[in-house]
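Presented below is the structure to which this report refers.
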Amino acid sequence: MTITITKIERQKKHAKRCSLFAGDEFIAGISEDTLLAFNLHAGKSISEDDLQQILENEKRVAVREHAWRFLSRREHSSKELRDKLCLRNHDRDLVDQVIADLVDKKYLDDDRYARQIILDHINLKYSGPLLIKSKLLQKGIPMPHIEDLLTALYPEAKRLANCRHLAAKKLGSLQRLDNATKRNRLATYLAQKGYTWEISGPVITGLIKGDEDEIE
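Position 42 of the sequence shown, counting from 1, maps to 1275 under the working numbering, and the rest follow consecutively.
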């Protein structure tokens, strides 16, 4: 069966979308991208197969537009963006196609994303390595890559400095407590911030000893 497009009207509520008509019968609503991709115009005849391809392309355009909306707000990992798009009930295969295209064009880059997350946690939140690993694993970054990036971007001296910064700040709110309670509170707090006892233990001991020396 052949369908002849007799009229193309721009939609009033969606300026970048058009409605296709065959006579008085509405055929489909399409984006400008689809209109141009299929060279659609009044007087053009299309087959049923052509129409299915047009509609399939529209689904792909919808996925891509949703992806751009998410990416315009902030950077995402591939997994994070894929999960959000699938939650919008987009077809999984189309989502994978769009994700692959965005990765190929460098609009999605898991390495770049992971580096930015790590640097933000180091410089703005003073987070420990364990917390950073947890955050990145949730975003779909593989553990070996996380380990490599942490080794490159988060040297031991910086980890200790950040741990001490958080501990010293927290200690200020614990001054009325005895030293044993201070130790426990600090250990729990620093563990929540992603620091192992190997890092936080000496920091806590040094700070509390410093407090004792000042009192003496």
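Where is the CB? At the ideal position from N, CA and C, for every residue including glycine.
The alpha carbon of Ser1406 has as its nearest neighbour, out of Leu1268, Arg1397, Leu1419 and Cys1396, the alpha carbon of Leu1419. Rounded to whole angstroms, the gap between the alpha carbons of Gln1244 and Ala1270 is 19 Å. In terms of Cβ geometry, Val1331 and Arg1302 do not form a close pair [threshold 8 Å]. By the criterion of a C-beta distance shorter than 8 Å, Ser1280 is surrounded in its chain by Met1234, Thr1235 and Ile1236, once the five residues flanking it on both sides are discounted. For His1274 and Gly1262, the gap between their C-alpha atoms comes out near 14 Å. Residue nearest to Arg1397 within the set Gln1349, Ile1350, Ile1379 and Tyr1359 is Tyr1359 (criterion: CA-CA distance). With a 10 Å radius around the Cβ and a threshold of 16 neighbouring Cβ atoms, Leu1341 comes out buried. Look at Phe1259 here: in three-state DSSP terms it is strand. DSSP lists Ile1241 and Ala1261 as the beta-bridge partner residues of Leu1253.
Ser1360 sits in coil when the DSSP states are folded into three classes, being neither helix nor strand. Each residue's CA atom was taken as its position, placing Thr1267 and Glu1242 some 14 Å apart. Out of Lys1240, Asp1343, Ser1264 and Ile1238, the CA that lies nearest to the CA of Lys1246 is found in Ser1264. Under DSSP, Thr1235 shares a beta bridge with Ser1280.
Within the same chain, Cβ atoms closer than 7 Å to the Cβ of Gly1256 are found at Thr1239, the five residues on either side in sequence being excluded. Put simply, the region 1436-1444 does not touch the region 1375-1384. Fewer than three CB pairs are less than 8 Å apart.
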